[in-house]
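16 is the number of the first residue of the sequence shown in our numbering; add one for each residue after it. Working notes, structure below.
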Amino acid sequence: MPLTDTAIRLAKPTGREYTLKDGDGLALFVGASGAKNWHFRFSWAGKQPRISLGTYPEISLKEARELRDQARALVAKGVDPRIHRRQERKAALVAASNTFRAVFQAWCGFKSLSLKTGRQSTLAQIDRIFEKDLLPTLGAQSIFDITRGNLLEVLRKIERRRAFTTAEKCRTWLNQLFRYAMVEVELQGNPAADLDIVAMPKPRVKHNPFLRMEQMPAFLAKLHRYGGDLNTQLGVRLLLLTGVRTGELRSAVPEQFDLERSLWIVPPENVKQLQEQMRKKNKDCTEIPPYLVPLPRQAVAIVRELLRAKSPAQRYLLPHRSKSRERISENTLNAALKRMGYKDLLTGHGIRATVSTALNELGYHKDWVEAQLSHADTNQIRASYNHAEYVEQRRAMMQDWADRLDQWEMQGLQADPEMVPSMPRDRRLPPVPAVEPLPIRDGHVESAPAEVAAGEGDELERSPVLTLVARKDQRPQPVLTDIQRERALVLATFESPHNLPLPAFAKLVGKSRHQINRDIQARRLLSLSMGNRGQRIPDWQLDPVRQDFTRAVLARVGDLDSWMLYRALCEPVDALGGLSPLEAVVAGAAREAMHAVLGVLGLLGEPERAVTALRQVV
16 MPLTDTAIRL AKPTGREYTL KDGDGLALFV GASGAKNWHF RFSWAGKQPR
66 ISLGTYPEIS LKEARELRDQ ARALVAKGVD PRIHRRQERK AALVAASNTF
116 RAVFQAWCGF KSLSLKTGRQ STLAQIDRIF EKDLLPTLGA QSIFDITRGN
166 LLEVLRKIER RRAFTTAEKC RTWLNQLFRY AMVEVELQGN PAADLDIVAM
216 PKPRVKHNPF LRMEQMPAFL AKLHRYGGDL NTQLGVRLLL LTGVRTGELR
266 SAVPEQFDLE RSLWIVPPEN VKQLQEQMRK KNKDCTEIPP YLVPLPRQAV
316 AIVRELLRAK SPAQRYLLPH RSKSRERISE NTLNAALKRM GYKDLLTGHG
366 IRATVSTALN ELGYHKDWVE AQLSHADTNQ IRASYNHAEY VEQRRAMMQD
416 WADRLDQWEM QGLQADPEMV PSMPRDRRLP PVPAVEPLPI RDGHVESAPA
466 EVAAGEGDEL ERSPVLTLVA RKDQRPQPVL TDIQRERALV LATFESPHNL
516 PLPAFAKLVG KSRHQINRDI QARRLLSLSM GNRGQRIPDW QLDPVRQDFT
566 RAVLARVGDL DSWMLYRALC EPVDALGGLS PLEAVVAGAA REAMHAVLGV
616 LGLLGEPERA VTALRQVV
């Protein structure tokens, strides 16, 4: 007789196990303690195994019958319900452990084997975009549960803010990620396939603005008179004189320059076109020849000046203005062009287009120009692009280009921008010596011409670039306002050697940063703050005598500005014979030093406060 809910509820423990049958293999097992479990018994390979379907009342009678029917259907299909359950549990475990975020991290680890790392790398860009646009929505979901609709929803959200390039990159990366998942976690399908079919059309590409030759005299005159940082101006000039990408210039280090042979040897990992070759051919940087940039005389002079002014801690040819170990920002170069009045008229990358357009208009061989700009061979005739090709031809071409820039600059400075030197139709191109391509072994140039043409001295003397470098110390300095001067003085004081960064001070006194911060908050230490530059602690507080005196001052003057206290403690006082209060304390005049500090801070007019402070140091 089939079971009923009432019969199940009334089933009481008897001190022994017993079973209440329902039908078709379903039964309720009642334990000696009264615990109730659903069992399903079935025939399999001549035996009568059973499988648990759950406990009562968590699984009701109706639900138990449904589970029994599902198990019977499996048996009818020749599937063992026990094996099927183990497979389902394993699949659930795999799904739970293979979230979208987990698979993304594994995919990034795999990509890192072939892509370079760093703040400006493709991997860093992938991480930033996924963290911003994809992981907040998809990160916690199982990779097996993500549908094409889920991906479309995220991509359309990106497109709605008109970030079409980001959406395009996401489609590419998602397709790669899910293809990876199909192999690594046995995903059955790729929901990211064919997402480009429904992609929103991108607006027309706005190419980087560039200048024509007739605009060069006026531009070069403004560049010559640029009053900003000299390194920035020289960086813009190197872009003009070489045609390299801004990223290649910003990544340049002194070791890449062979000035004896007037060559800039750019490693393949720094060249966009060569990076693509390495990825497509799965080669490392030693298997791809470097990008050789012949340097005209004017560029050699600029590099020599930059190397001469290099600081010991400097890593890059063009350093960051305030962080010598870092490279110059691309925004710095573009901001300089904007300050010169060329906003929306020229960018750092647009300088390449300026050079390319001019050299082609001047009639130079297309292959020379393409090799100079490190462009790929669009005809794909050669199996691999040899960036050591046409070095001597390009050297002559770029020297002619540099000399033209000098002429235009002088004309611009003479306020006659209309006169532009042009190549007569019957003028022959500079003679090109018949030379073999430079031999390259293991990614390094073995030899190259070292001598510069004779008789160039007079031309060098007339070069605006060399004149600029020679007279760099005579360049007009920007006029600072009183506020700017005061701020610069404060910054110099803040960064002076005796003001230690908080971590350095903590290390010297054997405390943690947290303990030092507690001392600062409790007014047991004097610290200086300046915007986002962190905190610095005067090193005199390492001396017990001056530390005790500083604590006494801090304890008695209230919440006065730290900079005011710093000046009151450090600056000479006439009443102390020209000594600062800190120097007077060391000399044994603690009371007089405190009196002087209170006087500088204007607290002597508050008798109770002053007397208490003076007693503190007696």
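For glycine and all other residues, C-beta sits at the position ideal for the given N, C-alpha and C.
In the displayed model, residue 577 falls within a helix according to three-state DSSP.
The alpha-carbon separation between residue 332 and residue 379 amounts to approximately 30 Å. According to DSSP, residue pairing for residue 54 in a beta bridge involves 42 and 67. Going by beta carbons, residue 533 and residue 518 fall outside the 8 Å limit. In this structure residue 579 is exposed. Its beta-carbon is surrounded by fewer than 16 other beta-carbon atoms within 10 angstroms. For the stretch 185 to 255, the continuous alpha helix (DSSP H) assignments of 4+ residues that do not extend past its boundaries occur at 231 to 239, in sequence order. When 27, 67 and 20 are compared, the shortest CA-CA separation from residue 40 is found for 67. In the three-state DSSP reduction, residue 113 falls in the coil class, being neither helix nor strand. Cα atoms of residue 513 and residue 381: separation of roughly 59 Å, rounded to the nearest angstrom. For the pair of segments examined, the stretch 102 to 121 was found not to touch the stretch 68 to 76: the number of CB pairs separated by less than 8 Å stays below three.
Within the same chain, and ignoring the five residues on either side of residue 340 in sequence, the residues whose Cβ sits closer than 8 Å to its Cβ are 328, 329, 330 and 334.
The stretch 71 to 156 contains, as complete alpha helix (DSSP H) runs of 4+ residues, the segments 76 to 91, 96 to 112, 115 to 126, 137 to 144 and 150 to 153 (chain order). By the Cβ neighbour-count rule, residue 180 is exposed, with fewer than 16 other Cβ atoms within 10 Å of its own. Residue pairing by DSSP places residue 514 opposite 553 in a beta bridge. Shown here for residue 31: same chain residues with a beta carbon closer than 8 Å to its own, the five before and five after excluded, namely 47 in chain order. Segment contact: the stretch 225 to 241 against the stretch 356 to 365, three or more CB-CB distances shorter than 8 Å; contact assigned.
Boundaries of the alpha helix (DSSP H) harbouring residue 596: 596 to 601, taken from the DSSP string. No Cβ-Cβ contact shorter than 8 Å links residue 258 with residue 169. The beta carbon of residue 186 lies closer than 8 Å to those of 170, 207, 210, 211 and 214 in the same chain, with the five residues before and after it left out.
235 is the residue among 25, 319, 593 and 235 whose C-alpha sits nearest the C-alpha of residue 426. Residues 591 and 599 of the same chain have their beta carbon placed closer than 7 Å to that of residue 607, with the five preceding and five following residues left out of the count.
Cα atoms of residue 309 and residue 368: separation of roughly 18 Å, rounded to the nearest angstrom. Taken in chain order, the whole beta strand (DSSP E) runs of length 3 or more contained in the stretch 253 to 286 are 278 to 281. When the Cα atoms are used, residue 562 and residue 510 turn out to be separated by approximately 21 Å. Counted as a single uninterrupted DSSP element, the stretch harbouring residue 309 is not any alpha helix (DSSP H) but the beta strand (DSSP E) occupying residues 306 to 309. Selection 178, 588, 167 and 173 evaluated against residue 190 yields 167 as nearest (Cα-Cα). About 6 Å separates the beta carbons of residue 564 and residue 605, which is inside the 8 Å limit, making them a contact pair.
Residue environment for residue 61: exposed (fewer than 16 other C-beta atoms within 10 angstroms of its C-beta). DSSP places residue 377 outside both helix and strand once states are collapsed to three, so it counts as coil.
Distance between residue 325 and residue 415, taken at the CA atoms: about 29 Å. Around the beta carbon of residue 250, a 10 Å sphere encloses 16 or more other beta carbons of the protein chains shown; the residue is thus reported as buried.
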